[in-house]
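Written below as C-alpha coordinates is the structure these notes are about.
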Amino acid sequence: MVAPVLSRRSALTLGLGASAAIATLPATGVGRAHAAGAPRDYTSRGVFDSYDEFFHAGDINGQPDQENANETGGYAWAQSYVLDGFAAMYRAYGDPVYLDRMVTNIDLILERTDAARGVTDYRGESLPAWRAMGPYTVGSAPLLDDAGDVAFEYRTSRGPADVTSVEVRHEADGLFALVVRNSARGTTDEFTGLSADPASARYAVAVVYDAFGTAANNSTLHDLGTGARPAAGVYAATALPAIFAVHTGMVTAPIAAFVGIVRGEGRLQRRYGGRVARYLRAVEAAVAVHDHEWVDLGAGRGTYRWPKGMTVPYDGNDQPVNQSLGLGRTLCELAHLTRRRRYADRVRALAKLLRSEIWTEDGAAQWHYWPSTASIFSGYAATGDPASDVSLHNPSYGTPGNGADQIEDTSHGAISVQFAAAAHRYRLGIGEADLRALARTFTHKLATTGADGLATVFTRVNGTGVAPSGQYLQAPRWIDAAEWDPAVFEHALAIYSDHQPEPGLGSGLASIGNLNWFAATH
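So for the sequence shown, the numbering used here puts the first residue at 56; every next one is plus one.
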(Lines of atoms letter the chains of each structure in order from A and count residues from 1; the text may use other names and numbers.)
(Lines give C-alpha, C1' and ligand atoms only; values in the text may rest on other atoms or scores of the structure.)
Protein backbone atom coordinates (compact mmCIF):
# COMPACT_ATOMS: atom_id res chain seq x y z
CA MET A 1 0.00 0.00 0.00
CA VAL A 2 1.32 3.44 -0.91
CA ALA A 3 1.34 5.93 1.94
CA PRO A 4 -0.81 9.02 1.31
CA VAL A 5 0.78 12.40 0.83
CA LEU A 6 0.66 14.29 4.10
CA SER A 7 -0.93 17.38 2.67
CA ARG A 8 -3.18 19.98 4.27
CA ARG A 9 -6.10 17.75 3.28
CA SER A 10 -4.43 14.70 4.84
CA ALA A 11 -3.92 16.61 8.08
CA LEU A 12 -7.63 17.34 8.15
CA THR A 13 -8.39 13.67 7.46
CA LEU A 14 -6.24 12.70 10.41
CA GLY A 15 -8.35 14.89 12.65
CA LEU A 16 -6.02 17.88 12.71
CA GLY A 17 -7.15 21.26 11.53
CA ALA A 18 -4.70 22.68 9.01
CA SER A 19 -3.61 25.32 11.49
CA ALA A 20 -3.25 22.71 14.22
CA ALA A 21 -1.04 20.56 12.01
CA ILE A 22 1.22 23.50 11.31
CA ALA A 23 1.16 24.67 14.91
CA THR A 24 2.66 21.39 16.07
CA LEU A 25 5.92 22.46 14.45
CA PRO A 26 7.84 25.72 14.84
CA ALA A 27 7.90 28.29 12.06
CA THR A 28 10.65 28.38 9.48
CA GLY A 29 13.83 30.07 10.64
CA VAL A 30 17.47 29.61 11.55
CA GLY A 31 19.17 29.69 14.91
CA ARG A 32 16.00 29.58 17.01
CA ALA A 33 15.72 27.35 20.04
CA HIS A 34 14.05 24.04 19.38
CA ALA A 35 10.42 24.11 20.50
CA ALA A 36 10.96 21.20 22.89
CA GLY A 37 14.11 22.72 24.34
CA ALA A 38 16.51 19.94 23.31
CA PRO A 39 18.66 20.28 20.19
CA ARG A 40 17.56 18.32 17.15
CA ASP A 41 19.58 15.36 15.92
CA TYR A 42 19.72 15.87 12.17
CA THR A 43 20.80 12.27 11.60
CA SER A 44 17.54 10.94 13.04
CA ARG A 45 14.45 9.70 11.23
CA GLY A 46 12.23 11.66 13.55
CA VAL A 47 13.68 15.00 12.50
CA PHE A 48 13.40 14.13 8.81
CA ASP A 49 9.80 12.99 9.24
CA SER A 50 8.90 16.21 11.05
CA TYR A 51 10.33 18.22 8.15
CA ASP A 52 8.30 16.09 5.73
CA GLU A 53 5.13 16.67 7.73
CA PHE A 54 5.68 20.41 7.96
CA PHE A 55 6.43 20.84 4.28
CA HIS A 56 3.40 18.92 3.05
CA ALA A 57 0.95 20.29 5.62
CA GLY A 58 1.51 23.90 4.64
CA ASP A 59 1.30 26.17 1.63
CA ILE A 60 5.02 26.12 0.79
CA ASN A 61 5.63 26.46 -2.95
CA GLY A 62 6.36 23.14 -4.61
CA GLN A 63 3.54 20.96 -3.30
CA PRO A 64 3.18 17.89 -5.55
CA ASP A 65 -0.51 18.61 -6.20
CA GLN A 66 0.04 22.31 -6.95
CA GLU A 67 -1.22 22.87 -10.49
CA ASN A 68 1.24 25.56 -11.54
CA ALA A 69 4.03 24.81 -9.06
CA ASN A 70 6.92 25.01 -11.48
CA GLU A 71 5.84 28.25 -13.07
CA THR A 72 7.59 29.81 -10.07
CA GLY A 73 10.19 27.03 -9.84
CA GLY A 74 8.46 25.06 -7.11
CA TYR A 75 9.00 21.60 -8.56
CA ALA A 76 12.61 22.29 -9.51
CA TRP A 77 13.77 24.05 -6.35
CA ALA A 78 11.56 22.52 -3.67
CA GLN A 79 9.79 19.28 -4.63
CA SER A 80 12.86 17.81 -6.34
CA TYR A 81 14.71 18.10 -3.05
CA VAL A 82 11.84 16.43 -1.25
CA LEU A 83 12.13 13.46 -3.62
CA ASP A 84 15.92 13.41 -3.19
CA GLY A 85 15.35 13.32 0.56
CA PHE A 86 12.95 10.38 0.36
CA ALA A 87 15.44 8.45 -1.81
CA ALA A 88 18.26 9.16 0.65
CA MET A 89 16.13 8.00 3.57
CA TYR A 90 15.29 4.74 1.80
CA ARG A 91 18.97 4.15 1.12
CA ALA A 92 19.70 4.87 4.77
CA TYR A 93 17.11 2.57 6.36
CA GLY A 94 15.61 0.34 3.67
CA ASP A 95 12.10 1.24 4.82
CA PRO A 96 9.64 1.20 1.88
CA VAL A 97 7.59 3.93 3.54
CA TYR A 98 9.97 6.42 1.92
CA LEU A 99 9.42 4.84 -1.49
CA ASP A 100 5.68 5.05 -0.84
CA ARG A 101 6.15 8.77 -0.22
CA MET A 102 8.05 9.07 -3.50
CA VAL A 103 5.32 7.27 -5.42
CA THR A 104 2.58 9.50 -4.06
CA ASN A 105 4.43 12.66 -5.03
CA ILE A 106 5.78 11.39 -8.37
CA ASP A 107 2.30 10.35 -9.51
CA LEU A 108 0.99 13.83 -8.73
CA ILE A 109 3.92 15.53 -10.47
CA LEU A 110 3.55 13.45 -13.64
CA GLU A 111 -0.13 14.34 -13.74
CA ARG A 112 0.90 18.00 -13.96
CA THR A 113 3.24 18.18 -16.94
CA ASP A 114 2.43 20.86 -19.50
CA ALA A 115 0.98 18.19 -21.78
CA ALA A 116 -1.25 16.86 -19.02
CA ARG A 117 -2.40 20.37 -18.06
CA GLY A 118 -2.92 21.47 -21.67
CA VAL A 119 -0.59 24.47 -21.38
CA THR A 120 2.20 25.44 -23.77
CA ASP A 121 5.71 26.83 -23.92
CA TYR A 122 6.70 29.99 -25.82
CA ARG A 123 6.46 28.13 -29.15
CA GLY A 124 2.91 27.01 -28.47
CA GLU A 125 3.99 23.41 -27.84
CA SER A 126 2.43 21.38 -25.03
CA LEU A 127 5.20 19.08 -23.84
CA PRO A 128 5.77 16.32 -21.23
CA ALA A 129 7.80 18.55 -18.91
CA TRP A 130 7.15 21.52 -16.60
CA ARG A 131 7.29 25.09 -17.83
CA ALA A 132 8.54 28.06 -15.83
CA MET A 133 7.48 31.69 -16.03
CA GLY A 134 8.21 34.60 -13.69
CA PRO A 135 10.70 35.32 -12.28
CA TYR A 136 12.79 33.17 -14.62
CA THR A 137 11.67 34.16 -18.10
CA VAL A 138 11.39 37.15 -20.40
CA GLY A 139 8.50 39.55 -19.93
CA SER A 140 6.27 40.61 -22.80
CA ALA A 141 3.75 43.42 -23.32
CA PRO A 142 1.86 43.42 -26.65
CA LEU A 143 1.22 47.06 -27.69
CA LEU A 144 -2.06 47.29 -29.61
CA ASP A 145 -2.89 49.76 -32.35
CA ASP A 146 -6.21 51.60 -32.57
CA ALA A 147 -7.70 48.68 -34.51
CA GLY A 148 -6.88 46.27 -31.69
CA ASP A 149 -4.07 44.50 -33.53
CA VAL A 150 -0.61 44.05 -32.04
CA ALA A 151 1.54 46.77 -33.54
CA PHE A 152 4.68 46.11 -31.49
CA GLU A 153 5.72 43.64 -28.84
CA TYR A 154 7.79 45.01 -25.97
CA ARG A 155 10.09 42.52 -24.21
CA THR A 156 12.31 42.81 -21.16
CA SER A 157 14.97 40.41 -19.92
CA ARG A 158 15.12 42.14 -16.54
CA GLY A 159 12.48 40.71 -14.26
CA PRO A 160 10.27 40.12 -12.64
CA ALA A 161 7.97 40.64 -15.59
CA ASP A 162 4.80 41.22 -13.60
CA VAL A 163 6.15 44.46 -12.09
CA THR A 164 7.05 45.95 -15.48
CA SER A 165 4.69 48.26 -17.37
CA VAL A 166 4.94 50.15 -20.63
CA GLU A 167 3.13 53.46 -21.05
CA VAL A 168 2.48 54.67 -24.59
CA ARG A 169 2.05 58.42 -25.04
CA HIS A 170 1.07 59.99 -28.34
CA GLU A 171 3.09 62.91 -29.65
CA ALA A 172 2.67 65.29 -32.54
CA ASP A 173 3.09 64.29 -36.20
CA GLY A 174 2.15 60.65 -35.59
CA LEU A 175 5.06 60.02 -33.24
CA PHE A 176 4.86 58.39 -29.83
CA ALA A 177 6.81 57.82 -26.62
CA LEU A 178 7.39 54.74 -24.49
CA VAL A 179 7.86 54.95 -20.74
CA VAL A 180 9.04 51.66 -19.22
CA ARG A 181 8.79 51.22 -15.45
CA ASN A 182 9.91 48.39 -13.18
CA SER A 183 8.25 49.02 -9.85
CA ALA A 184 10.33 46.45 -7.94
CA ARG A 185 13.62 47.98 -9.03
CA GLY A 186 12.36 51.55 -9.09
CA THR A 187 13.74 52.06 -12.61
CA THR A 188 12.26 54.06 -15.48
CA ASP A 189 13.32 54.40 -19.13
CA GLU A 190 11.75 56.94 -21.46
CA PHE A 191 12.00 56.86 -25.23
CA THR A 192 10.52 59.86 -27.05
CA GLY A 193 9.96 60.96 -30.62
CA LEU A 194 9.43 57.40 -31.84
CA SER A 195 8.12 56.45 -35.27
CA ALA A 196 6.43 53.30 -36.50
CA ASP A 197 8.09 53.79 -39.92
CA PRO A 198 11.11 51.50 -40.47
CA ALA A 199 12.59 54.13 -42.79
CA SER A 200 12.57 56.83 -40.12
CA ALA A 201 15.72 57.84 -38.25
CA ARG A 202 13.58 57.54 -35.10
CA TYR A 203 12.22 54.09 -35.91
CA ALA A 204 11.04 52.79 -32.52
CA VAL A 205 12.63 49.36 -32.83
CA ALA A 206 16.05 50.83 -33.67
CA VAL A 207 15.94 53.51 -30.96
CA VAL A 208 15.18 50.96 -28.23
CA TYR A 209 17.79 48.57 -29.64
CA ASP A 210 20.51 51.25 -29.67
CA ALA A 211 19.77 52.10 -26.03
CA PHE A 212 20.27 48.52 -24.81
CA GLY A 213 23.09 48.38 -22.30
CA THR A 214 22.59 51.96 -21.15
CA ALA A 215 18.85 51.91 -20.41
CA ALA A 216 17.88 50.36 -17.08
CA ASN A 217 15.27 47.81 -18.03
CA ASN A 218 16.95 45.64 -20.71
CA SER A 219 14.29 46.44 -23.28
CA THR A 220 13.80 45.24 -26.83
CA LEU A 221 10.96 46.12 -29.21
CA HIS A 222 9.62 44.00 -32.04
CA ASP A 223 7.56 45.24 -34.99
CA LEU A 224 4.54 43.08 -35.82
CA GLY A 225 4.05 44.81 -39.16
CA THR A 226 0.77 46.72 -38.90
CA GLY A 227 2.53 49.98 -39.78
CA ALA A 228 0.60 51.82 -37.09
CA ARG A 229 1.75 53.38 -33.88
CA PRO A 230 0.43 51.74 -30.72
CA ALA A 231 -2.63 53.14 -29.01
CA ALA A 232 -2.03 55.37 -26.00
CA GLY A 233 -2.31 53.64 -22.64
CA VAL A 234 -0.48 51.54 -20.08
CA TYR A 235 0.35 47.94 -20.93
CA ALA A 236 1.34 45.39 -18.28
CA ALA A 237 4.07 42.89 -19.03
CA THR A 238 3.62 39.20 -18.30
CA ALA A 239 6.16 36.39 -18.20
CA LEU A 240 6.44 34.15 -21.25
CA PRO A 241 6.68 30.40 -20.58
CA ALA A 242 9.80 28.33 -21.19
CA ILE A 243 11.03 24.92 -20.04
CA PHE A 244 14.48 24.95 -18.44
CA ALA A 245 16.76 21.95 -18.85
CA VAL A 246 17.93 22.29 -15.26
CA HIS A 247 14.33 22.23 -14.00
CA THR A 248 13.66 19.07 -16.00
CA GLY A 249 16.82 17.53 -14.61
CA MET A 250 16.10 18.43 -11.01
CA VAL A 251 12.60 16.92 -11.20
CA THR A 252 13.46 13.79 -13.18
CA ALA A 253 16.75 12.75 -11.54
CA PRO A 254 15.08 11.43 -8.35
CA ILE A 255 12.33 9.78 -10.43
CA ALA A 256 15.01 7.94 -12.42
CA ALA A 257 16.74 7.10 -9.13
CA PHE A 258 13.49 5.52 -7.90
CA VAL A 259 13.47 3.30 -10.99
CA GLY A 260 17.03 2.26 -10.28
CA ILE A 261 16.27 1.45 -6.64
CA VAL A 262 13.30 -0.76 -7.53
CA ARG A 263 15.13 -2.53 -10.33
CA GLY A 264 18.05 -3.18 -8.04
CA GLU A 265 16.05 -4.99 -5.35
CA GLY A 266 13.94 -7.98 -6.27
CA ARG A 267 11.86 -7.65 -3.11
CA LEU A 268 10.49 -4.33 -4.39
CA GLN A 269 9.21 -5.61 -7.72
CA ARG A 270 5.80 -6.75 -6.49
CA ARG A 271 5.13 -3.51 -4.67
CA TYR A 272 6.41 -1.00 -7.27
CA GLY A 273 7.25 -2.90 -10.43
CA GLY A 274 4.13 -1.75 -12.24
CA ARG A 275 5.28 1.86 -12.07
CA VAL A 276 8.85 1.38 -13.22
CA ALA A 277 8.22 1.28 -16.98
CA ARG A 278 5.79 4.21 -16.82
CA TYR A 279 8.17 6.34 -14.79
CA LEU A 280 11.07 5.54 -17.09
CA ARG A 281 9.05 6.50 -20.18
CA ALA A 282 8.06 9.76 -18.53
CA VAL A 283 11.66 10.60 -17.65
CA GLU A 284 12.90 9.86 -21.16
CA ALA A 285 10.11 11.95 -22.68
CA ALA A 286 10.92 14.90 -20.43
CA VAL A 287 14.64 14.73 -21.22
CA ALA A 288 13.91 14.56 -24.96
CA VAL A 289 12.20 17.97 -24.72
CA HIS A 290 15.71 19.46 -24.58
CA ASP A 291 17.32 17.50 -27.41
CA HIS A 292 17.27 20.57 -29.67
CA GLU A 293 19.32 22.48 -27.08
CA TRP A 294 22.27 20.08 -27.18
CA VAL A 295 25.45 21.32 -28.88
CA ASP A 296 28.71 19.58 -29.70
CA LEU A 297 31.54 21.87 -28.61
CA GLY A 298 34.32 19.80 -30.13
CA ALA A 299 37.22 18.02 -28.42
CA GLY A 300 34.74 15.53 -26.97
CA ARG A 301 32.83 18.20 -25.04
CA GLY A 302 29.13 18.99 -25.20
CA THR A 303 26.57 21.08 -23.39
CA TYR A 304 23.09 22.55 -23.52
CA ARG A 305 22.58 25.95 -25.14
CA TRP A 306 19.45 28.09 -25.04
CA PRO A 307 18.30 28.57 -28.63
CA LYS A 308 18.31 32.16 -29.79
CA GLY A 309 14.79 33.50 -29.35
CA MET A 310 13.93 31.21 -26.45
CA THR A 311 12.12 33.30 -23.88
CA VAL A 312 14.93 33.30 -21.33
CA PRO A 313 17.10 36.33 -20.55
CA TYR A 314 20.34 34.91 -22.00
CA ASP A 315 19.03 33.08 -25.06
CA GLY A 316 21.77 32.12 -27.50
CA ASN A 317 24.22 31.30 -24.70
CA ASP A 318 25.57 28.02 -23.39
CA GLN A 319 23.77 27.33 -20.15
CA PRO A 320 25.52 27.70 -16.78
CA VAL A 321 27.66 24.73 -15.77
CA ASN A 322 25.27 23.60 -13.04
CA GLN A 323 22.24 23.89 -15.33
CA SER A 324 23.61 21.59 -18.02
CA LEU A 325 24.86 19.19 -15.37
CA GLY A 326 21.47 19.33 -13.66
CA LEU A 327 20.00 17.53 -16.66
CA GLY A 328 23.21 15.53 -16.82
CA ARG A 329 22.29 13.92 -13.50
CA THR A 330 19.26 12.36 -15.18
CA LEU A 331 21.32 11.37 -18.22
CA CYS A 332 23.64 9.45 -15.88
CA GLU A 333 20.71 7.43 -14.54
CA LEU A 334 19.27 6.86 -18.03
CA ALA A 335 22.62 5.68 -19.34
CA HIS A 336 22.71 3.12 -16.54
CA LEU A 337 19.05 2.08 -16.75
CA THR A 338 18.65 1.86 -20.53
CA ARG A 339 22.21 1.15 -21.71
CA ARG A 340 21.49 3.49 -24.62
CA ARG A 341 24.65 4.93 -26.08
CA ARG A 342 23.25 8.40 -26.71
CA TYR A 343 22.81 8.99 -22.98
CA ALA A 344 26.27 7.71 -22.11
CA ASP A 345 27.82 9.81 -24.88
CA ARG A 346 26.20 12.96 -23.56
CA VAL A 347 27.30 12.22 -20.00
CA ARG A 348 30.88 11.75 -21.16
CA ALA A 349 30.72 15.00 -23.12
CA LEU A 350 29.38 16.88 -20.09
CA ALA A 351 32.00 15.26 -17.89
CA LYS A 352 34.71 16.40 -20.27
CA LEU A 353 33.25 19.91 -20.27
CA LEU A 354 33.28 19.98 -16.46
CA ARG A 355 36.84 18.73 -16.27
CA SER A 356 37.93 21.31 -18.85
CA GLU A 357 36.35 24.10 -16.82
CA ILE A 358 37.98 23.09 -13.51
CA TRP A 359 41.36 24.22 -12.28
CA THR A 360 42.82 23.45 -8.88
CA GLU A 361 44.20 25.53 -6.04
CA ASP A 362 45.95 23.56 -3.33
CA GLY A 363 44.32 20.47 -4.77
CA ALA A 364 40.79 21.93 -4.53
CA ALA A 365 38.60 22.14 -7.63
CA GLN A 366 37.61 25.64 -8.76
CA TRP A 367 35.24 26.63 -11.52
CA HIS A 368 33.01 29.43 -12.75
CA TYR A 369 29.23 29.68 -12.78
CA TRP A 370 29.17 30.13 -16.57
CA PRO A 371 31.28 27.88 -18.80
CA SER A 372 34.05 29.63 -20.69
CA THR A 373 32.34 28.45 -23.89
CA ALA A 374 29.37 30.78 -23.28
CA SER A 375 29.50 34.15 -25.04
CA ILE A 376 28.34 35.82 -21.84
CA PHE A 377 31.44 34.57 -20.00
CA SER A 378 33.74 36.88 -21.94
CA GLY A 379 31.16 39.55 -22.78
CA TYR A 380 29.98 40.57 -26.24
CA ALA A 381 28.80 43.59 -28.16
CA ALA A 382 25.71 44.11 -30.27
CA THR A 383 26.37 43.78 -33.98
CA GLY A 384 23.87 46.44 -35.05
CA ASP A 385 21.54 43.80 -36.48
CA PRO A 386 19.38 41.59 -34.22
CA ALA A 387 19.61 38.81 -36.81
CA SER A 388 23.36 38.44 -36.24
CA ASP A 389 23.49 39.15 -32.51
CA VAL A 390 24.33 36.42 -30.03
CA SER A 391 21.06 36.92 -28.18
CA LEU A 392 17.64 38.33 -29.05
CA HIS A 393 16.87 39.43 -25.51
CA ASN A 394 20.35 40.53 -24.49
CA PRO A 395 21.92 41.82 -27.72
CA SER A 396 24.98 42.89 -25.71
CA TYR A 397 26.46 41.90 -22.37
CA GLY A 398 29.26 43.71 -20.60
CA THR A 399 32.04 44.46 -23.04
CA PRO A 400 34.21 42.04 -25.00
CA GLY A 401 36.72 40.67 -22.51
CA ASN A 402 34.63 41.75 -19.53
CA GLY A 403 31.66 39.45 -19.08
CA ALA A 404 30.09 37.17 -16.46
CA ASP A 405 33.05 35.26 -15.04
CA GLN A 406 31.82 34.92 -11.45
CA ILE A 407 32.89 31.90 -9.41
CA GLU A 408 30.34 29.13 -8.73
CA ASP A 409 28.47 29.23 -5.42
CA THR A 410 27.92 26.55 -2.79
CA SER A 411 24.29 25.72 -3.60
CA HIS A 412 24.60 25.53 -7.38
CA GLY A 413 27.96 23.83 -7.04
CA ALA A 414 26.26 20.96 -5.23
CA ILE A 415 24.48 20.05 -8.47
CA SER A 416 27.84 19.67 -10.23
CA VAL A 417 29.08 17.46 -7.39
CA GLN A 418 25.99 15.25 -7.69
CA PHE A 419 26.57 14.93 -11.43
CA ALA A 420 30.24 14.11 -10.95
CA ALA A 421 29.45 11.43 -8.37
CA ALA A 422 26.84 9.81 -10.62
CA ALA A 423 29.12 9.89 -13.66
CA HIS A 424 31.87 8.28 -11.59
CA ARG A 425 29.47 5.65 -10.23
CA TYR A 426 28.63 4.56 -13.76
CA ARG A 427 32.18 5.02 -15.10
CA LEU A 428 31.23 7.77 -17.51
CA GLY A 429 34.18 10.12 -17.59
CA ILE A 430 34.74 11.23 -14.00
CA GLY A 431 37.55 9.67 -11.97
CA GLU A 432 38.43 9.38 -8.32
CA ALA A 433 40.92 12.22 -8.58
CA ASP A 434 38.08 14.50 -9.73
CA LEU A 435 35.97 13.60 -6.70
CA ARG A 436 38.90 14.03 -4.33
CA ALA A 437 39.42 17.53 -5.72
CA LEU A 438 35.73 18.33 -5.22
CA ALA A 439 35.84 17.01 -1.65
CA ARG A 440 38.87 19.22 -1.02
CA THR A 441 36.90 22.20 -2.36
CA PHE A 442 34.46 21.68 0.47
CA THR A 443 36.96 20.98 3.22
CA HIS A 444 39.63 23.54 2.24
CA LYS A 445 37.68 26.31 0.52
CA LEU A 446 34.08 26.26 1.71
CA ALA A 447 34.11 24.97 5.29
CA THR A 448 34.67 27.65 7.91
CA THR A 449 33.52 28.97 11.26
CA GLY A 450 31.61 32.24 11.55
CA ALA A 451 32.36 35.13 13.87
CA ASP A 452 29.64 33.72 16.11
CA GLY A 453 31.61 30.48 16.51
CA LEU A 454 29.07 28.46 14.50
CA ALA A 455 30.01 26.16 11.65
CA THR A 456 29.22 27.61 8.21
CA VAL A 457 30.57 27.84 4.65
CA PHE A 458 31.74 30.56 2.36
CA THR A 459 29.41 31.52 -0.48
CA ARG A 460 31.70 30.70 -3.40
CA VAL A 461 33.80 27.64 -4.13
CA ASN A 462 37.01 29.69 -3.99
CA GLY A 463 36.40 30.46 -0.31
CA THR A 464 35.05 33.98 -0.65
CA GLY A 465 31.86 35.67 0.49
CA VAL A 466 30.04 35.37 3.79
CA ALA A 467 27.34 32.77 3.24
CA PRO A 468 23.70 33.58 4.10
CA SER A 469 21.46 30.81 5.39
CA GLY A 470 20.32 30.03 1.85
CA GLN A 471 23.87 28.93 1.12
CA TYR A 472 25.18 27.33 4.29
CA LEU A 473 22.08 25.20 4.77
CA GLN A 474 22.80 23.61 1.37
CA ALA A 475 26.10 22.15 2.60
CA PRO A 476 24.75 18.58 3.10
CA ARG A 477 23.92 18.48 -0.61
CA TRP A 478 27.68 18.01 -1.12
CA ILE A 479 27.40 14.67 0.72
CA ASP A 480 28.55 12.62 -2.28
CA ALA A 481 32.00 14.17 -1.82
CA ALA A 482 32.10 12.75 1.72
CA GLU A 483 32.86 9.35 0.20
CA TRP A 484 36.31 10.82 -0.53
CA ASP A 485 36.65 12.75 2.73
CA PRO A 486 34.30 12.15 5.69
CA ALA A 487 35.12 15.65 6.92
CA VAL A 488 32.53 16.85 4.38
CA PHE A 489 29.83 15.04 6.35
CA GLU A 490 31.24 16.12 9.70
CA HIS A 491 31.20 19.81 8.82
CA ALA A 492 27.81 19.68 7.09
CA LEU A 493 26.33 18.04 10.19
CA ALA A 494 28.03 20.63 12.40
CA ILE A 495 26.31 23.40 10.43
CA TYR A 496 22.90 21.89 11.10
CA SER A 497 23.69 21.03 14.71
CA ASP A 498 25.01 24.53 15.42
CA HIS A 499 22.26 26.49 13.65
CA GLN A 500 19.32 24.18 14.47
CA PRO A 501 17.32 25.18 11.36
CA GLU A 502 13.55 24.95 11.54
CA PRO A 503 11.48 23.01 9.00
CA GLY A 504 10.28 24.80 5.89
CA LEU A 505 12.45 24.61 2.79
CA GLY A 506 12.22 21.60 0.50
CA SER A 507 16.01 21.53 0.33
CA GLY A 508 15.99 20.81 4.05
CA LEU A 509 14.58 17.36 3.33
CA ALA A 510 17.37 16.60 0.85
CA SER A 511 19.97 17.86 3.31
CA ILE A 512 18.66 15.97 6.33
CA GLY A 513 18.09 12.86 4.21
CA ASN A 514 21.72 13.04 3.12
CA LEU A 515 22.93 13.39 6.70
CA ASN A 516 20.84 10.37 7.71
CA TRP A 517 22.16 8.33 4.78
CA PHE A 518 25.82 8.96 5.52
CA ALA A 519 25.44 8.45 9.26
CA ALA A 520 23.51 5.19 8.80
CA THR A 521 25.72 3.65 6.14
CA HIS A 522 29.27 4.71 7.07
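Ideal Cβ placement from N, Cα and C applies to all residues, glycine included.
- Boundaries around Ala492 are those of the alpha helix (DSSP H), 487-496, since no beta strand (DSSP E) includes it.
- C-alpha of Ile164 to C-alpha of Gly129: approximately 11 Å in a straight line.
- The beta carbon of Trp422 is closer than 6 Å to those of Glu412, Ile413, Glu463 in its chain, skipping five residues each way along the sequence.
- According to DSSP, residue pairing for Leu276 in a beta bridge involves Tyr209.
- Secondary structure note for Thr159: its alpha helix (DSSP H) is the uninterrupted segment 152-165.
- Excluding the 5 residues flanking it on each side, Arg326 has same chain C-beta neighbours closer than 7 Å at Pro151, in chain order.
- Counting along the chain, the unbroken beta strand (DSSP E) around Leu352 starts and ends at 349-353.
- The straight-line gap separating the alpha-carbon atoms of Ala206 and Ser250 is approximately 12 Å.
- For Pro197, the enclosing beta strand (DSSP E) has its first and last residue at 194-199.
- In this structure, Gln526 sits near Thr514, with a CB-CB distance shorter than 8 Å.
- The DSSP-derived three-state label of Gly248 is strand.
- Out of Gly563, Tyr145, Gln374, the CA that lies nearest to the CA of Ala429 is found in Gln374.
- Boundaries of the beta strand (DSSP E) harbouring Ser220: 219-225, taken from the DSSP string.
- When the beta-carbon positions are compared, Trp533 and Ala510 stay at least 8 Å from each other.
- In this structure Leu382 is in contact with His345, their Cβ atoms being roughly 6 Å apart against a cut-off of 8 Å.
- The count of Cβ pairs closer than 8 Å, one atom from the stretch 306-316 and one from the stretch 223-236, stays below three, leaving the stretches out of contact.
- Listed in chain order, the non-local C-beta contacts of Arg284 below 6 Å within the same chain comprise Phe231, Ala251, local neighbours out to five positions each way being set aside.
- From the listed residues Leu138, Arg167, Asp489, the smallest Cα separation to Tyr153 is found for Leu138.
- Look at Ile413 here: in three-state DSSP terms it is coil, with no helix or strand label.
- Val344 carries a coil assignment under DSSP once its states are collapsed to helix, strand and coil.
- Taking Gly328 as the centre and dropping the five residues before and after it, the same chain places the C-beta of Val317 closer than 8 Å to its C-beta, in chain order.
- For Asn125, there is no enclosing alpha helix (DSSP H), as DSSP marks it with neither H nor E.
- Non-local beta-carbon contacts of Pro215 in its own chain, meaning distances under 8 Å to residues more than five positions away in sequence, involve Gly189, Pro190, Gly194, Ala239, Ala294 in chain order.
- Within the DSSP bridge table, the entry for Phe513 names Val521 as partners.
- The residues Ser195, Ala196, Pro197, Leu198, Leu276, His277, Leu279, in chain order, have a CB closer than 8 Å to that of Glu208 in the same chain once the five nearest residues on each side in sequence are set aside.
- Of the residues Asn449, Ala542, Thr192, the one whose Cα lies closest to the Cα of Thr366 is Thr192.
- Here Val521 is not near Lys500, since their CB atoms are 8 Å or more apart.
- Exclusion of the five residues before and after Asp440 leaves no residue of its chain whose Cβ lies closer than 8 Å to its Cβ.
- Gly456 counts as exposed, since fewer than 16 other C-beta atoms from the protein chains shown sit within 10 angstroms of its C-beta.
- Fewer than three beta-carbon pairs drawn from the stretch 472-485 and the stretch 443-461 are found closer than 8 Å, and the two stretches are therefore not classed as touching.
- Contact between Lys363 and Gly357 is absent: CB atoms are separated by about 18 Å, not below the 8 Å threshold.
- Between the stretch 536-544 and the stretch 118-136, the count of Cβ pairs shorter than 8 Å is below three; the stretches do not touch.
- With 16 or more other CB atoms across the displayed protein chains lying within 10 angstroms of its CB, Ala131 is buried.
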